[in-house]
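Okay, so here's the structure we're looking at.
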Amino acid sequence: MKDAQKDTILNHAGRDPRANHGIVNPPVYHCSTVLFPTLAELEESDRNPFEGVHYGRMGTPTSQAFEEAITRLEGGYKTVHAASGLNAIATALLSFTKAGDHVLITDSAYGPTRRFANDTLTPYGVEVEYFDPTIGAGIASLLKPNTSVVFLESPGSLTFEIQDIPAISAAAKTVGAKVLIDNTWATPLLLQPLRLGADVSIHSATKYIVGHADAMLGAIVCADEESWLKVKKTATRTGACAGPDDIFLGLRGLRTLSVRLKQHQENALALAGWLEKRPEVTRILHPAHPDFPGHALWKRDFAGSSGLFSVVIKAVPKTALAAMLDHLELFGMGYSWGGFESLILPTRPAAIRTATRWDDPGIVLRLHAGLEDVGDLIRDLDSAFKRLNDAL
Ligand SMILES: Cc1ncc(COP(=O)(O)O)c(C=O)c1O
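Have a look at this one:
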């Protein structure tokens, strides 16, 4: 349906029961070799390897179905899937940089994004510079004639600063730099950065899109054909592709993304509201929180919030923090987020920043609100604070 709404797209994109015996979901193509019946057809496919199916790594009907669905949701030109979110970030950065270029990356970016830039791009001759995530139009003062990429992550996934995508994109265009954004927190449902001026929107589909903490998957959505071709060629050269079962889990996750996200949002807001009143908590880092510095920008650009946010608690000795975190019944401690289950993670933003300082002496705890009963989650945190206080 033309002009279908997002919930309808989520439900129907990337599947065609009529082409598949009436079966609701598309088949999962396990594929490496694709056979060509004639020399002419083999040669034709060699000339256009990105058309149809050529070889498993370049795309199958399964990966194409996933890419088509994500493209429609983001309002992009085309998507390239990837083996993980980090693989998507690395592929996108490699696609738009070469030796001698200058790259600007938000200081709030996900740690492994920084590591890829510092430890892979820098030795290849790319100058990597970090900027204050709240810089907005002020990015103009950092742009150089050779700036090829401005990389955003909004909100930053530890400290949640919101970036002014339209202002940064407008400035980047003046030097021909591409704006890449990690849009994992919002998913295409809550933010469509290509409509705000970004050139490439990147997802760790591992998080909300897969939604069940059981697969690694990434997506790179491009605004135009030229960008897509660059990314597709890099992905082909580096062999970036995901397994068919993981892609299927991404497609399946999309069908329920909207209802899950609403519940993640509701639970996160309820937890933030409860945490705000705790004497141990000094700050809530949640873009939907009215006192949060980036709140106005979030309200302008986003259609809602997801389940990931941070709180800052007063500094306590490690033994007290361990007493708090070691015996949680429902919150798990571990990396990633976006699954059905609640998570908590102590983080150290001060340790990774270079362009700005994170001076808050408190402990930053990142929470992912899962889909459990929120009253039960609060009881789990309440007991955790009791253990912390008993240990002081
Ligand atoms: C904001 C953000 N981007 C990208 C990634 C990387 O995704 P993946 O784990 O799928 O490689 C993560 C993972 O935690 C993340 O938090």
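Start counting the sequence shown at 5; every next residue gets the next number (our numbering). Virtual Cβ for every residue (Gly too), placed ideally from N, Cα, C.
Sorry if obvious, but does the Cβ on Trp-189 come closer than 8 angstroms to a heavy atom of ligand 1?
Taking 8 angstroms as the cut-off, one finds at least one heavy atom of ligand 1 near enough to the beta carbon of Trp-189.
What residue range is occupied by the uninterrupted beta strand (DSSP E) comprising Phe-252?
No beta strand (DSSP E) holds Phe-252; the alpha helix (DSSP H) holding it covers 248-280.
What does DSSP give as the partner residues of His-372 in its beta bridges?
Leu-312, Leu-347.
Using 9 angstroms as the threshold, is the C-beta distance between Val-107 and Glu-71 below it?
The answer is no: Cβ separation not under 9 angstroms.
Return the chain-ordered list of same chain residues with a C-beta closer than 6 angstroms to the C-beta of Gly-1, the five sequence neighbours on each side being excluded.
With the chain running from 5 to 396 in the structure shown, residue 1 is simply not present.
Rounded to a whole number of angstroms, what is the C-alpha to C-alpha distance between Val-368 and Pro-283?
Each residue's alpha carbon lies about 15 angstroms from the other.
Taking only heavy atoms of ligand 1 into account, decide whether any of them is closer than 8 angstroms to the Cβ of Ser-208.
Within the chosen limit of 8 angstroms, ligand 1 reaches the beta carbon of Ser-208 through at least one heavy atom.
Contacting residues, own chain, Cβ-Cβ under 7 angstroms from Phe-252 (five flanking each side not counted):
Short of 7 angstroms from the beta carbon of Phe-252, and not among the five residues preceding or following it, lie these beta carbons of its own chain, in chain order: Val-32, Thr-66.
Range covered by the alpha helix (DSSP H) that runs through Phe-389
Counting along the chain, the alpha helix (DSSP H) containing Phe-389 begins and ends at 378-394.
Need the endpoints of the alpha helix (DSSP H) that Ile-224 sits in, please.
No alpha helix (DSSP H) contains Ile-224, which is instead part of the beta strand (DSSP E) from 222-226.
Would you kindly work out how many angstroms separate the C-alpha atoms of Thr-42 and Gly-115, rounded to a whole number?
When the Cα atoms are used, Thr-42 and Gly-115 turn out to be separated by approximately 49 angstroms.
Please find out if some non-hydrogen atom of ligand 1 comes closer than 8 angstroms to the beta-carbon of Leu-371.
No, Cβ of Leu-371 sits at least 8 angstroms from all heavy atoms of ligand 1.
Extract the residue ranges of the beta strand (DSSP E) inside the stretch 126-183, only unbroken runs of 3 or more that lie entirely within it.
Unbroken beta strand (DSSP E) stretches of 3 residues or longer found wholly inside the stretch 126-183: 131-135, 151-157, given in chain order.
Rounding to the nearest angstrom, what Cα-Cα distance links Ser-231 and Val-378 in this structure?
If I take the Cα positions, the gap works out to 43 angstroms.
Run the proximity test for Lys-211: is its beta-carbon closer than 8 angstroms to any non-hydrogen atom belonging to ligand 1?
Lys-211 has its CB nearer than 8 angstroms to a heavy atom of ligand 1.
Would Ala-73 and Val-235 qualify as a contact pair, given that the criterion is a beta-carbon distance under 9 angstroms?
No.
For Asp-394, the nearest candidate out of His-372, Val-263, Ala-327 (CA to CA)
Measuring from the Cα of Asp-394, the nearest candidate turns out to be Ala-327.
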